[in-house]
Amino acid sequence: MKSEKQKREGIDLHLHTTLSDGKNTPEEVIRLAYEQGFRLIALSDHNTFAITQKIRIGEGEALMEVIPACEFSCSYYVPSMKENREIHVVGLFPGADGVDLEDFRELFAPIQEGKLLYIAAILKQLEELGIHVTMQEVMETRRKSSFIGRHQVADVMIQKGYVDTWEQAFDNYIGNFSPYYVPATRYVNYGEFRKVIQTILDCYGFPILAHPFGYGITKEEIEKLIRDFAQIVQGRGGLEVYYEIYLNQPEKMTFLKEMQEKYQLLPSASSDRHRTDEPFASGGTYPLYQAMLGRCHLFRK
């Protein structure tokens with residue numbers, strides 16, 4: 003734990019809580035980040051907001067800020083696959099006015115019904131593989147949230163002994179790179195890529211393209227995705243370069259730094275932390291966040 007007299011510098015702009023598929027409550031995430039000496043964090047649950055106003059904890063050298071954020075799911079067409087894929091964009095909302103949930107109702111409202119159809123399709127696929135998980139079992143894993151997703155399916159698979167870890171569940175059965183992957187966009191009506199990003203910008207937010215290597219597309223397709231993103235944000239966006247699991251993968255880091263510079267995006271530092279045993283981000287400091295604020299000249303005062 004950092005001493006109260008030591009300067010706080012670390013940031014983590016992508017964190018999940020029990021409001022979506024994280025294992026810690028918002029209060030627990032905030033406490034843990036504060037104990038580890040962070041200067042600023044963003045709670046960015048899937049298609050929902052854990053907080054709608056900035057929170058300040060401590061003062062002076064001991065100050066930590068918590069800003070509203072959301073990891074938005076978008077529908078993006080990939081020509082080689084001849085279908086839409088789910089892409090994630092983290093929206094940061096650090097303005098003094100906070101977040102008005104009405105601004106996002108049109109994006110969020112259609113998602114819940116589609117998610118139930120999506121999870122049902124996954125469970126049907128698992129059943130064909132001899133893995134028996136029911137919708138009721140999945141629903142019972144939720145904690146104080148209306149969210150339903152693949153992590154809850156993985157929880158049940160672990161509970162019933164089909165796998166030992168989330169990684170095994172995702173790598174072998176339900177993840178984007180598994181042989182049995184079911185694309186969510188076949189069942190869920192996510193907002194179109196451009197529309198989601200423009201909504202973030204219109205609401206005085208800062209959009210960040212999340213985990214570019216997480217979509218099962220080629221490096222050439224990743225660059226096209228980044229280029230398309232950059233054309234929409236026009237200098238007012240970021241790229242998850244210092245993404246925690248990429249930090250020890252030099253080839254990915256080199257590529258992402260090249261893309262970030264080529265398309266004039268700002269680098270983000272993030273952990274995408276879900277579980278209690280996962281680390282917070284270690285790749286960025288407060289000046290990265292300040293640079294983002296400098297690009298957001300439309301923030302309400």
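Start counting the sequence shown at 3; every next residue gets the next number (the working numbering). Quick reminder that beta carbons are idealized off the backbone N, C-alpha and C, glycines included. Remember, it's a predicted structure, so these values are computed and weren't measured experimentally.
If we count the other Cβ atoms within 10 Å of its Cβ and call it buried at 16 or more, is D179 buried or exposed? Here residue 179 is Phe; the residue named in the question, Asp, does not match the sequence. By the neighbour-count definition (other C-beta atoms within 10 Å, threshold 16), F179 is an exposed residue.
Just the Cα atoms here: how many angstroms apart are L118 and K9? Computed Cα separation, rounded: 46 Å.
Secondary structure of R107, DSSP reduced to three states: If DSSP states are grouped into helix, strand and coil, R107 belongs with the helices.
Taking just the CA atoms, how far does G62 sit from S5? Summary for S5: the model assigns pLDDT 44, below 50, so the residue's position carries little reliability; its value from the coordinates is reported in the next sentence. In a straight line, the C-alpha of S5 is about 13 Å away from that of G62.
Assuming the contact rule is C-beta atoms closer than 8 Å, V31 and T19 should be a hit. Round their C-beta distance to whole Å, please. A Cβ-Cβ distance of about 5 Å is found for the pair V31 and T19, placing them in contact under the 8 Å criterion.
Distance, Y175 Cα to A111 Cα: Distance between the alpha carbons of A111 and Y175: 28 Å.
Do you know whose CA, among G132, E130, L125, lies nearest V140's CA? Comparing Cα-Cα distances from V140 to each of G132, E130, L125, the minimum goes to L125.
Classify M83 as buried or exposed, calling it buried when 16 or more other Cβ atoms lie within 10 Å of its own Cβ. Exposed is the call here.
Determine contact between the stretch 233 to 253 and the stretch 268 to 278, defined as no fewer than three beta-carbon pairs at a distance below 8 Å. They touch, by the three-pair rule.
State the beta-bridge partners of C72 as determined by DSSP. For C72, which the question treats as bridged, DSSP gives the partners D47, G93.
Figure out for me which residue from R152, Y189, N191 has the closest Cα to the Cα of F172. Ranking the options by Cα distance to F172, first place goes to R152.
List the endpoints of the continuous alpha helix (DSSP H) containing I224. Looking at the DSSP string, the run of the alpha helix (DSSP H) that includes I224 is 221 to 235.
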